[in-house]
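Colleague:
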Ligand code: DAH
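In my numbering, the protein residues as written are 1094 to 1427.
1) For the ligand DAH, I want to know if residue 1267 counts as a neighbour, meaning its beta carbon is within less than 6 Å of at least one of the ligand's heavy atoms.
2) Going by C-alpha to C-alpha distance, which of 1350, 1312 and 1097 sits closest to residue 1376?
3) For residue 1339, which three-state DSSP category applies?
4) Are at least three pairs of beta-carbons, each pair with one atom in the stretch 1122-1140 and one in the stretch 1153-1168, less than 8 Å apart?
5) Rounded to a whole number of angstroms, what is the C-alpha to C-alpha distance between residue 1258 and residue 1425?
6) Mind checking whether residue 1348 and residue 1360 have CB atoms under 7 Å apart?
7) According to DSSP, simplified to helix, strand and coil, what is residue 1332?
8) Whose C-alpha, out of 1138, 1385 and 1165, is nearest the C-alpha of residue 1271?
9) Is residue 1395 a contact residue of the ligand DAH, with contact defined as CB to any heavy atom under 6 Å?
10) Classify residue 1188: buried if its beta carbon has 16 or more other beta carbons within 10 angstroms, exposed otherwise.
11) Excluding the 5 residues flanking residue 1254 on each side, which residues of the same chain have their C-beta closer than 8 Å to its C-beta?
12) Compute the minimum distance between the beta carbon of residue 1239 and the heavy atoms of the ligand DAH, and state whether it is under 6 Å.
13) Restricting to Cα atoms, I'd like to know which of 1260, 1287 and 1383 is closest to residue 1371.
14) State the Cα-Cα distance for the pair residue 1287 and residue 1293, rounded to the nearest angstrom.
15) With 16 as the cutoff for other CB atoms within 10 Å, does residue 1214 come out buried or exposed?
16) May I ask you to check if the CB of residue 1261 is nearer than 6 Å to at least one heavy atom of the ligand DAH?
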């Protein structure tokens, strides 16, 4: 009996895992285990020796069981500790975070422009970017030999098809679809074969058109001054300069007082104190003739502006190409 006990304790000492311990448990307490067979051999003893011997085996069995339970909980504790240690979190490490996108400065400027005109009752009109020469030039009263049709500026798709060079063709398409009064803006992409600090082959414009009875230049002025004051601030000075466009007569270019130097002259306004912001004018009756509007009854005004130019001024950006490079460090600032 003592030899069983000694060998058990000797073996128990080298146990260092739960698997190992359960092997030992089977070896001593299992169906074919040492203790079990000791119990079985009781029947071969003389009857009067059985109770005393049986008690010894039972005591040994109880103490082995207790010992195994003790070691088992010790091993479980140790395993839990190593597991917790390996799963521990270093709360001083920087956390994971989600990058949020921001609206592109061009889209943002575009929706700002659109919102202002929508509030003034303008609807939104769209036209194709691949446009017929007829709408891009002809019906806007560009003579056949006009320099704007030159290969240098226009991307030709075929002899009579171009990538629209401005949003003005939407004026013609919009008027063909309905009778006056009309009042809409046409935002969209336009294309010109040009590239430098202030020009990209693709850029955005917003066109505007209003036609009704008794529309005068003062209506044009009122709408544009209201727009520019909302866009650049109510104190911004606005001036109209005579200009020329084939589809408007008279035509004007509209300037705002330089928002950087407040008119005293700086690098951005090239010392003039003024920034050119858009083109405008009274719709040339020749354009009305193309869309069969009665030129005696109706008058109208039109205007057009470059979205990139306005965004560059609003956000003090001096290179237009930044808008299209998709550098996240640039875009994140908006
Ligand atoms: N389409 C002209 C351009 O791209 C801008 C413009 C000027 C539009 C005068 C107009 C206008 O409607 O009346 O340069």
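By construction, the Cβ of each residue, glycine as well, lies at the ideal position given by its N, Cα and C atoms.
Modeller: Reading it off the structure:
1) The residue labelled residue 1267 in the question sits at position 174 within the chain shown. Residue 1267: no, Cβ never under 6 Å from the ligand DAH.
2) Taking the chain shown and counting its residues from 1, the one referred to as residue 1376 is at position 283. Nearest option by C-alpha distance: 1312.
3) Mapped onto the chain shown, residue 1339 falls at position 246. In this structure, residue 1339 counts as coil in the three-state DSSP scheme.
4) yes
5) Walking along the chain shown from the start, residue 1258 turns up at place 165. Walking along the chain shown from the start, residue 1425 turns up at place 332. One C-alpha to the other measures close to 30 Å.
6) Within the chain shown, numbered from 1, the residue matching residue 1348 stands at position 255. Within the chain shown, numbered from 1, the residue matching residue 1360 stands at position 267. Contact flag unset, no.
7) In the chain shown, counting from the first residue as 1, residue 1332 sits at position 239. Here residue 1332 sits in strand by DSSP.
8) Locating residue 1271 in the chain shown gives position 178, counting from the first residue. Selected option, being the one with the closest Cα: 1385.
9) Position 302 of the chain shown, counted from the first residue, corresponds to residue 1395. Under cutoff, so the answer is yes.
10) By one-based count along the chain shown, residue 1188 stands at place 95. So residue 1188 ends up on the exposed side.
11) The residue given as residue 1254 occupies position 161 in the chain shown. Only 1223, 1224, 1225 and 1226 meet the Cβ criterion.
12) By one-based count along the chain shown, residue 1239 stands at place 146. No; taking the cut-off as 6 Å, the Cβ of residue 1239 has no heavy atom of the ligand DAH nearer than that.
13) On the chain shown, position 278 is the one that residue 1371 refers to. It is 1260 whose Cα lies nearest to the Cα of residue 1371.
14) Here residue 1287 corresponds to residue number 194 of the chain shown, with the count starting at 1. Here residue 1293 corresponds to residue number 200 of the chain shown, with the count starting at 1. Residue 1287 and residue 1293: Cα-Cα distance of roughly 6 Å.
15) Start at 1 with the first residue of the chain shown, and residue 1214 comes out as number 121. Residue 1214 should be labelled exposed.
16) The residue you call residue 1261 lines up with position 168 of the chain shown. It does: the Cβ of residue 1261 is within 6 Å (strictly closer) of some heavy atom of the ligand DAH.
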